[in-house]
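Visitor: Before I ask anything, let me first share the structure, which is written out below as structure tokens.
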Amino acid sequence: MPTLSEFDHAMHDPGRFVPAVRRLGGGTLAITASGDLWRIVGRTAVVYALRCPTGRILALRVPRERHVRQIERYTALASAPGLAPLRVAGGPLPNELRTIADGITLPAADFRSVSHPLVAMEYIPGGTLAQGVTEAIATDDRAAIGGLADAWRAAAAEMEAHGFSHGDLRPGNVVLRPEGALAVVDFDTAVWPGSPPLPGVLEPARRDRLPALLLYVELLGLAWRPELRTAQTPEERLLFQSRDLHDPVGSDVLRTLRAASDPTLATAARVLTDALQTGPAGAPSFREALASIAAGTTGPLPTWDATVAPAFNEGGTPRDGGWGAAPAASADAGQIERRRAVGAAREAAQADDLDRLLRIWDEAGLADDLAAADLRPRVEAAREAAGLFERLRAALDGGDPDLVGRLWFEARHDPRAGLLAPRVDTLLSRDLLARIERARRREDERSLAALVQEADRARIAVRPDLRRAARTAAQRTAVRERMERALETNDRGALADLSRTGELAALGRPDARLRHAAERALAWSHLERALAVDDDVAILSAYDPDLFAGDPNLSLEQTARIDLATARTAWLHAARVALRRRDGAAARTALAGAPPGIDRRLSAVERTRLARLAGVADAHEQLERALRAGADADILAALAALEAAGAPLPRGADWQAIRAAADRDALARAVTEAAAATPPDYQRLARLLPSARLAFDADEAAALDLDRLEWETLRTAHLERLREAIAANDDIAIAAAARPDPYGAVAALGPAARGRIAAALARVG
13 MPTLSEFDHA
23 MHDPGRFVPA
33 VRRLGGGTLA
43 ITASGDLWRI
53 VGRTAVVYAL
63 RCPTGRILAL
73 RVPRERHVRQ
83 IERYTALASA
93 PGLAPLRVAG
103 GPLPNELRTI
113 ADGITLPAAD
123 FRSVSHPLVA
133 MEYIPGGTLA
143 QGVTEAIATD
153 DRAAIGGLAD
163 AWRAAAAEME
173 AHGFSHGDLR
183 PGNVVLRPEG
193 ALAVVDFDTA
203 VWPGSPPLPG
213 VLEPARRDRL
223 PALLLYVELL
233 GLAWRPELRT
243 AQTPEERLLF
253 QSRDLHDPVG
263 SDVLRTLRAA
273 SDPTLATAAR
283 VLTDALQTGP
293 AGAPSFREAL
303 ASIAAGTTGP
313 LPTWDATVAP
323 AFNEGGTPRD
333 GGWGAAPAAS
343 ADAGQIERRR
353 AVGAAREAAQ
363 ADDLDRLLRI
373 WDEAGLADDL
383 AAADLRPRVE
393 AAREAAGLFE
403 RLRAALDGGD
413 PDLVGRLWFE
423 ARHDPRAGLL
433 APRVDTLLSR
443 DLLARIERAR
453 RREDERSLAA
463 LVQEADRARI
473 AVRPDLRRAA
483 RTAAQRTAVR
493 ERMERALETN
503 DRGALADLSR
513 TGELAALGRP
523 DARLRHAAER
533 ALAWSHLERA
543 LAVDDDVAIL
553 SAYDPDLFAG
563 DPNLSLEQTA
573 RIDLATARTA
583 WLHAARVALR
593 RRDGAAARTA
603 LAGAPPGIDR
613 RLSAVERTRL
623 ARLAGVADAH
633 EQLERALRAG
643 ADADILAALA
653 ALEAAGAPLP
663 RGADWQAIRA
673 AADRDALARA
683 VTEAAAATPP
693 DYQRLARLLP
703 SARLAFDADE
713 AAALDLDRLE
723 WETLRTAHLE
733 RLREAIAAND
743 DIAIAAAARP
753 DPYGAVAALG
763 PAARGRIAAA
773 LARVG
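Counted the way our numbering counts, the sequence shown spans residues 13 to 777.
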């Protein structure tokens, strides 16, 4: 919620912060004698006074909170056709009312500003009903109070006749017109035919019945006996206290009024008592109550002499210091003299003749006079102004521009201060020009532009070079502010426009953050188009990791698509490098980590070559593992894989181990083939077995059963020897071959051969 100081700050410079003043035709805001803004601070709004060039005065009502419904209500009230009779001159509603949605500009966070609504309406200078009654009681002017009762009766009846319900009728919301009529203000809770709905109000037409009747009876009672109002009477009421309203039958005040000698007052008190007992739901309308009062008095309601209605000055104070001429018997000569002194003091205050005001105040001893109580703040302000003038002159003598500026702001409306105006202008002008020069040397662009604007408003001549520097500074400041707003709202379009139009050049070399944001905004459209066409090359051409890293505007889907394009491109590069270098390991790694959709990026030839390189790498690795393990079967399997892949042996391979494994394999196959022949090729086995014994270890020899093969080979050789000896018919050779017979060769011969051997052995002995 805006503060009062923020409102006051804006109102002190209406040309800059209050656009409503220009729309209303210009003018000046009312200032008190102390130099402060004239204002009324309420619960929901602050009211200022605007004196227009035409002479009319408008009240500027600024809500303390920005309620859209409240502004809508005032807008509807200004144009409601059914309320036109209430808005005539002297009517119970202001005859001029206008809502301005962006009427005042207030500061916001980060050097920004926001618009705040404002309601301009007719200014009614007579003060509130509570103030008028208080002053009439102070002067014992019963006729004036009676005139207020008549005026209220007419205003309340007219508002009710047109269906207008105020909703908060109390003395502070009823104001006095200079011609003696009454009007209401503060329409936050008002309703009328066709008005915007008001939440929580079920029967708006009944809300004003009791308050209107209460005000009327209070005014009648005070016109009869002003002394009924005591110090215990609350501010929001004229006469009654809470206990009087809660217990009207037992109320002493109401009992006194019901017993009054005035039949109108007595009847009105009885009607009010009955209405308070029934409550708002059963209370009669104001016009019904008036009819009941008239019926109880058997005649028309009395009226007071219109000549006693208060007459007001233009500033809103009574012209003669009182409320019309009181009966001669109501005051003695001393009272009349004091009233004249109060009137003279009021005239001096109205004319801003502060010296005369202080002289009358002191000479007449008005400090304790209740009728002059409202002048006490003005008198205190006058005394303060006198001291302020001396302090301002001393500050000028001391040449302190800061102190002079503060004091001049407070004393500028003092007529005596005009004598010092030339010296003040000279000192402040020199100080302002010096501050402009210092701001340029410090390169404080924001301060430089603001100070030159301040000099223009003060109509101080500025050197051309300083003005050029200020224009450049203002341009840079404006560009920087637009840049900051675009960054804050993430407006990439605005950032790109600033960069494309070259406005960023006005900043010289902007800081890294601004430059980075502008470049990213320019690149964003390219990246969006590349993502839309779903092309990896276009995506990576538009995507700059330094610009977009950590960018919150990239969605998860967009980030995933960029990562996929990056992975595909990196994989394709690695695969083609592997092909170019014939690097099987790299090809195998590429095939193992291929990203999705990469197949369509490679040709069929490239895919085939990549698979072949991977197969060669696998075969080489298999051979290396087999050579390390030393198993012939693994070595031979690896050699077979190399052969299947069409790959050469790797460089640096252990050729001796490979050859030994191949030789052992060939020897084993030769032994196996010779043994598997039908009949076995024992001659070949005889040649192979010695080599096999040397080539194979025990396990391998056992696997081939070399011992059995050797035994069978030797037995076969022994058989051949026996057969050769028998064929030669040489008994000695037969006997030599038959003895000894370690391999059982004799037993393998037929009966004839065995008989021949036995005969040879017998003959040889």
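Cβ atoms here follow ideal geometry from the backbone N, Cα and C, with glycine treated the same way.
Would you say L181 and P223 are within 9 angstroms of each other, going by their C-beta atoms?
Guide: In contact: L181 and P223 (Cβ atoms closer than 9 angstroms).
Visitor: Taking I782 as part of the alpha helix (DSSP H), name the residues at either end of that continuous run.
Guide: This structure cannot settle anything about residue 782, because the visible part of the chain is limited to 13 through 777.
Visitor: CB-CB under 8 angstroms to L370, same chain, minus the five flanking residues each way: which ones, in chain order?
Guide: Excluding sequence neighbours, L370 sits near V391, A394, R395, A398.
Visitor: If you drop the 5 nearest sequence neighbours on each side, which residues of the same chain put their C-beta closer than 7 angstroms to that of T111?
Guide: Result list for T111: I83, Y86, T87, A90, P129, V131, in chain order.
Visitor: Apart from the five residues on each side of it in sequence, which residues of its chain come closer than 7 angstroms, Cβ to Cβ, to A22?
Guide: These residues qualify, in order along the chain: F29, V30, I116, T117, L118.
Visitor: Would you mind reading off the limits of the beta strand (DSSP E) that contains I52?
Guide: Taken as a continuous stretch (DSSP letters only), the beta strand (DSSP E) holding I52 covers 51-53.
Visitor: Taking the alpha helix (DSSP H) that M171 belongs to, which residues open and close that run?
Guide: First-last of the alpha helix (DSSP H) with M171: 154-173.
Visitor: Here's the rule I'm using: 16 or more other beta-carbon atoms within 10 Å means buried, otherwise exposed. How should H178 be labelled?
Guide: Burial call: buried.
Visitor: How many Å lie between R6 and R68 at the Cα?
Guide: Nothing can be reported for residue 6: it is not among the residues displayed for the chain, which extend from 13 to 777.
Visitor: Using the three-state DSSP reduction, which class does M133 fall into: helix, strand or coil?
Guide: Residue state, collapsed to three classes: strand.
Visitor: Give a yes or no on whether the C-beta atoms belonging to A42 and L16 are separated by under 9 angstroms.
Guide: No. Outside cutoff.
Visitor: Compute the Euclidean distance between the alpha carbons of A278 and A156, then round it to the nearest angstrom.
Guide: Straight-line Cα distance between these residues: approximately 20 angstroms.
Visitor: Within the region 396-476, note down every full beta strand (DSSP E) run reaching 3 residues or more, in order along the chain.
Guide: Counting only runs of 3 or more, we get nothing.
Visitor: List the endpoints of the continuous beta strand (DSSP E) containing L118.
Guide: Its beta strand (DSSP E) spans residues 109-119.
Visitor: Note the first and the last residue of the continuous alpha helix (DSSP H) segment covering A572.
Guide: A572 -> alpha helix (DSSP H) spans 568-593.
Visitor: So what does DSSP say about L625, is it helix, strand or coil?
Guide: Residue state, collapsed to three classes: helix.
Visitor: Taking the C-alpha atoms as reference points, what is the distance between R768 and A760?
Guide: Going by the C-alpha atoms only, they are around 14 angstroms apart.
Visitor: Quick test of your reading: N185 and V203, contact by CB under 8 angstroms. State the CB separation rounded to the nearest angstrom.
Guide: Their Cβ separation, rounded to whole angstroms, is 15 angstroms, which puts N185 and V203 out of contact at 8 angstroms.
Visitor: Below 6 angstroms CB to CB, which residues in the same chain sit around G311 once its five sequence neighbours on both sides are set aside?
Guide: Confidence at G311 is low in this model, with a pLDDT of 49, below 50, so the placement of that residue should be treated as unreliable; the coordinate-derived value is given next. No residues qualify anywhere along the chain.
Visitor: Quick check: what's the CA-CA separation for D264 versus R255?
Guide: Taking the straight line joining both Cα atoms gives about 10 angstroms.
Visitor: Give the single residue among A280, L440, P292 whose Cα lies nearest to the Cα of G308.
Guide: Answer by Cα proximity: A280.
Visitor: Whole angstroms are fine: how far does the CA of G233 sit from the CA of L269?
Guide: If I take the Cα positions, the gap works out to 7 angstroms.
Visitor: Count the C-beta pairs between the region 92-110 and the region 46-60 that are closer than 8 angstroms, then say yes if the count reaches three, no if not.
Guide: Too few Cβ pairs lie closer than 8 angstroms, so no.
Visitor: Taking only three categories from DSSP, how would you classify A90?
Guide: DSSP places A90 in helix when its eight states are reduced to three.
Visitor: Could you check the C-alpha separation between T66 and P190 for me, to the nearest Å?
Guide: Going from the Cα of T66 to the Cα of P190 covers about 19 angstroms.
Visitor: Within this structure, are the beta carbons of W420 and L445 separated by less than 9 angstroms?
Guide: Result no, Cβ atoms of W420 and L445 do not sit closer than 9 angstroms.
Visitor: Give me the residue from A550, R588, A765, E722 with the minimum Cα distance to R733.
Guide: With distances taken between Cα atoms, R733 lies closest to A765.
Visitor: Can you give me the Cβ contacts of R479 inside the same chain, cut-off strictly under 8 angstroms, excluding the 5 residues immediately before and after it?
Guide: Cβ within range, chain order: V464.
Visitor: Would W335 be called buried (16 or more neighbouring beta carbons within 10 Å of its own) or exposed?
Guide: With a pLDDT of only 29 at W335, under 50, the local geometry of the prediction cannot be trusted, and the value read off the model is given with reservation. When all chains shown are included, W335 counts as buried.
Visitor: Go ahead and label P413 buried or exposed: buried means 16 or more other beta carbons lie within 10 angstroms of its beta carbon, across all protein chains shown.
Guide: By the neighbour-count rule (16 or more Cβ atoms within 10 Å), P413 is buried.
Visitor: Would R442 pass as a contact of L408 if the rule is Cβ separation under 9 angstroms?
Guide: It is not a contact, given that the beta carbons lie outside the stated cut-off.
Visitor: Using the C-alpha atoms, what's the distance from D547 back to A579?
Guide: Each residue's alpha carbon lies about 13 angstroms from the other.
Visitor: What did DSSP end up calling Y228 once you bin it into helix, strand or coil?
Guide: Y228: helix per DSSP, three-state reduction.
Visitor: Counting only the same chain and skipping the five closest in sequence on each side, list residues whose C-beta sits under 6 angstroms from that of R99.
Guide: These residues qualify, in order along the chain: L105, N107.
Visitor: Is A71 helix, strand or coil when you go by DSSP?
Guide: Strand.
Visitor: Are I372 and A385 touching if we call contact CB-CB under 9 angstroms?
Guide: No, Cβ-Cβ distance for I372 and A385 is not below 9 angstroms.
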